[in-house]
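Okay, so here's the structure we're looking at.
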Amino acid sequence: MDIQIVDGSSQDSNNVITLEDGDDCESTKMEEPDEFTLITWNIDGLSDKNLSIRTKGACDIVNKIKTDVVFFQEVVPESESIISRMLTDYKLIYGRTGDQYIGEYYTVTCLREKTVKHLDHKIIDFEYTDMGRNIIDVNAIISGTKLRFLNTHLESTREGAINRQRQLQKCFQLVNSSPQDVSVLFGGDLNLRDTEVTSLGGPNSKIKDVWQLTGSRKECQFTWDMTRNDNLKLEAMGRNGFKPRFRFDRLYFRDSIPSEIAPEYFGLIGIERLKPHVCFPSDHWGILAAFKFLK
Numbered sequence: 001m002d003i004q005i006v007d008g009s010s011q012d013s014n015n016v017i018t019l020e021d022g023d024d025c026e027s028t029k030m031e032e033p034d035e036f037t038l039i040t041w042n043i044d045g046l047s048d049k050n051l052s053i054r055t056k057g058a059c060d061i062v063n064k065i066k067t068d069v070v071f072f073q074e075v076v077p078e079s080e081s082i083i084s085r086m087l088t089d090y091k092l093i094y095g096r097t098g099d100q101y102i103g104e105y106y107t108v109t110c111l112r113e114k115t116v117k118h119l120d121h122k123i124i125d126f127e128y129t130d131m132g133r134n135i136i137d138v139n140a141i142i143s144g145t146k147l148r149f150l151n152t153h154l155e156s157t158r159e160g161a162i163n164r165q166r167q168l169q170k171c172f173q174l175v176n177s178s179p180q181d182v183s184v185l186f187g188g189d190l191n192l193r194d195t196e197v198t199s200l201g202g203p204n205s206k207i208k209d210v211w212q213l214t215g216s217r218k219e220c221q222f223t224w225d226m227t228r229n230d231n232l233k234l235e236a237m238g239r240n241g242f243k244p245r246f247r248f249d250r251l252y253f254r255d256s257i258p259s260e261i262a263p264e265y266f267g268l269i270g271i272e273r274l275k276p277h278v279c280f281p282s283d284h285w286g287i288l289a290a291f292k293f294l295k
């Protein structure tokens with residue numbers, strides 16, 4: 001059976017990714033796919049409106065695609081219990097330590113155990129944060145290829161811009177410090193405005209924005225978009241009923257030497273309403289990216 005993920009644009013070969021289901025038979029042997037997929041998604045655990053239904057909807061999408069790696073942000077205890085119950089094929093790594101985030105929100109990285117071999121992980125706290133933000137840093141192997149995954153939720157709001165830029169610099173430093181034979185994927189809800197990235201001089205030439213690498217398609221640009229997503233019914237901002245939209249959620253890629261993977265797809269998920277509740281899984285669209293192995 002094939003699964004097609006369409007991001008709302010015209011259905012041509014550049015806009016549709018087809019993923020084949022694996023064999024239904026049980027096997028303890030690690031699968032070695034020719035490509036792997038990654039989702040990063042802020043699932044809006046801070047809103048208790050339809051939280052259970054929305055979280056189940058997000059998990060249904062992950063299970064349907066059989067995504068290899070998932071970066072969740074804004075997970076709360078209630079949504080965590082749903083994730084742990086529904087994503088039974090995944091190793092779950094939480095961005096909270098002990099009782100530090102109980103009652104608040106945090107990140108979760110999910111690794112599909114049939115395809116992703118977990119090597120190690122650690123939680124890296126940001127030195128500059130007023131919101132308890134950190135990074136889940138995971139080393140893993142897929143199809144014999146060494147990969148590093150960095151999942152984070154950078155400081156929120158305009159007032160958090162200074163801390164957010166410091167946190168982004170820290171993340172870029174971690175990416176740059178990775179061994180040359182490791183491919184690195186860093187992403188999450190980065191809450192970034194384009195001017196903030198520009199003021200830092202952007203990432204260096206080795207760190208690439210996956211949206212840009214795959215063609216900068218306009219229909220996939222904005223991941224928090226009140227012109228399309230009405231989960232948050234804020235009052236109209238500015239003149240003429242202006243509704244804000246931002247590219248808050250991003251995914252960056254640093255290639256290994258020699259090159260072992262290459263991005264082949266970048267699209268949005270969670271863009272269809274959950275019926276009959278007539279809401280989306282989150283106020284953010286999720287990002288789905290696919291990477292092919294070159295060896």
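Residues 1 to 295 (the UniProt record's numbering) are what the sequence shown spells out, left to right. Where is the CB? At the ideal position from N, CA and C, for every residue including glycine.
What is the DSSP secondary structure of residue 221, counted as helix, strand or coil?
The residue you call residue 221 lines up with position 221 of the sequence shown. It is coil, neither helix nor strand.
| Just the Cα atoms here: how many angstroms apart are residue 38 and residue 159? | By one-based count along the sequence shown, residue 38 stands at place 38. By one-based count along the sequence shown, residue 159 stands at place 159. Computed Cα separation, rounded: 30 Å.
### Message
Nearest by alpha-carbon distance to residue 221: which of 211, 63, 57 is it?
### Response
Mapped onto the sequence shown, residue 221 falls at position 221. Nearest option by C-alpha distance: 211.
**OP:** Could you tell me how far apart the beta carbons of residue 151 and residue 135 are, in whole angstroms, since I believe they sit closer than 8 Å?
**Re:** As a first step, residue 151 is located in the sequence shown; it is residue number 151 there, counting from the start. As a first step, residue 135 is located in the sequence shown; it is residue number 135 there, counting from the start. Their Cβ separation, rounded to whole angstroms, is 7 Å, which keeps residue 151 and residue 135 in contact under 8 Å.
Subject >> Residues of its chain near residue 166, where Cβ-Cβ distance is below 6 Å and the 5 sequence neighbours each way are ignored >> reply: For the purposes of this step, residue 166 is taken as residue 166 along the sequence shown, with counting starting at 1. If the five residues before and after residue 166 are omitted, its C-beta is found closer than 6 Å to the C-beta atoms of 128, all from its own chain and listed in chain order.
- Task: Select from 230, 253, 243 the residue whose C-alpha is nearest the C-alpha of residue 273.
- Result: Position 273 of the sequence shown, counting from 1, holds the residue named residue 273. Here the closest residue by C-alpha is 230.
- Item | Reference residue 107; option with closest CA among 270, 76, 121 | Position 107 of the sequence shown, counted from the first residue, corresponds to residue 107. The shortest Cα separation from residue 107 among 270, 76, 121 belongs to 76.
Find the nearest neighbour of residue 82 within the set 60, 67, 66, judged by alpha-carbon distance. For this step, residue 82 is matched to residue 82 along the sequence shown. The shortest Cα separation from residue 82 among 60, 67, 66 belongs to 60.
Practice problem: For the alpha helix (DSSP H) holding residue 263, just list the boundary residues, first then last. | Solution: Taking the first residue of the sequence shown as position 1, residue 263 is located at position 263. Looking at the DSSP string, residue 263 is not in any alpha helix (DSSP H); the run it does join, the beta strand (DSSP E), is 261 to 269.
Could you give the residue range of the alpha helix (DSSP H) that holds residue 51? What you label residue 51 is simply residue 51 of the sequence shown in a count that begins at 1. Taken as a continuous stretch (DSSP letters only), the alpha helix (DSSP H) holding residue 51 covers 51 to 65.
**OP:** Answer with buried or exposed for residue 232, where buried requires no fewer than 16 other C-beta atoms within 10 angstroms of its C-beta.
**Re:** One-based indexing of the sequence shown puts residue 232 at position 232. Exposed is the call here.
**Report entry** Candidates 33, 93, 137, of which the one nearest residue 114 by Cα
**Finding:** To locate residue 114, count along the sequence shown from 1; it is residue 114. The shortest CA-to-CA distance from residue 114 to any of 33, 93, 137 is the one to 33.
Checking 7 Å against the spacing of the C-beta atoms, do residue 247 and residue 184 come in under that value?
Locating residue 247 in the sequence shown gives position 247, where the first residue counts as 1. Locating residue 184 in the sequence shown gives position 184, where the first residue counts as 1. Contact annotation: residue 247 and residue 184 have beta-carbon atoms that are not nearer than 7 Å.
* Euclidean distance between Cα positions of residue 147 and residue 207 -> Here the question's residue 147 lines up with position 147 in the sequence shown. Here the question's residue 207 lines up with position 207 in the sequence shown. One Cα belongs to residue 147, the other to residue 207, and the distance between them is close to 15 Å.
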